[in-house]
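Worksheet: the structure to be examined is printed underneath.
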Amino acid sequence: MLKSDGIPSYEELQTVLPPPERFAKGPVAIIECFQDIPCDPCVSSCPKHAIVMKSGITDRPRLEANLCVGCTLCVNCCPGLAVFVVDMTHSEKAATLTLPYECLPVPKVGEIVMGLDRSGKPVCEVKVLKVSTNKKYEKTWAITIELPKTQAMEIRGIKVAPGKRGSK
Ligand code: SF4
Ligand code: SF4
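First residue of the sequence shown: 47, per the working numbering; consecutive thereafter.
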């Protein structure tokens, strides 16, 4: 849980997940930000005004899931690397996850990398579908991976294995 190891518990995660019916409509952001800190670039990053702080900059951000179009523009902006976009409609068995990434080497499109859980433990190999950045947050990449739907709420990081950079 957050207070003991910094990793949100299942119950804590339920407080930030969009409703199941929103996941059925396509890609949607998940904001895994649990602390009241003076920070708000996520709010201004969203062209749809889907991220709100009702009581000022120290409030926790809330997602208006019905306004989110899953564009992923918010993924690069968060200094806490706490914003993700999940698409559970990608295919019958696979979802996509767009996550923030600040390590080197930067993976390439088509590359197979290791998906990591919130504690950094390996979960399964995943395929990189898209690699993007923007001028404002050019040191944080947004990496979109294809992963099993069963792991879409577990995997929150990736590891590129040096010397094993082939693609499937
Ligand atoms: S994915 Fe796009 S629309 Fe959704 S919250 Fe992020 S920036 Fe806004
Ligand atoms: S930018 Fe990230 S850390 Fe800052 S309030 Fe938004 S989600 Fe939280």
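The C-beta atom is built at its ideal place from N, Cα and C for all residues, glycine as well.
If you're wondering where the values come from, they're calculated on a predicted model, not measured in any experiment.
Asked: Extent of the continuous beta strand (DSSP E) to which K100 belongs; Found: No beta strand (DSSP E) holds K100; DSSP gives it neither H nor E.
Asked: Status (buried if at least 16 other CB within 10 Å, exposed otherwise) for P151; Found: exposed
Asked: Rounded straight-line distance, which links the Cα of I158 to that of P194; Found: 14 Å
Asked: beta-carbon I191 near ligand 2 non-hydrogen atom, thresh 7 Å; Found: no
Asked: Nearest candidate by alpha-carbon position, reference E57, set M199, A207, I204 and V206; Found: M199
Asked: Alpha-carbon spacing of S91 relative to S137, whole angstroms; Found: 28 Å
Asked: Spatially closest choice to D133 from K154, Q197, I53 and K49, by CA coordinates; Found: Q197
Asked: Secondary structure of R108, DSSP reduced to three states; Found: strand
Asked: Element boundaries [alpha helix (DSSP H), containing R164]; Found: Run containing R164: none; DSSP gives neither H nor E here.
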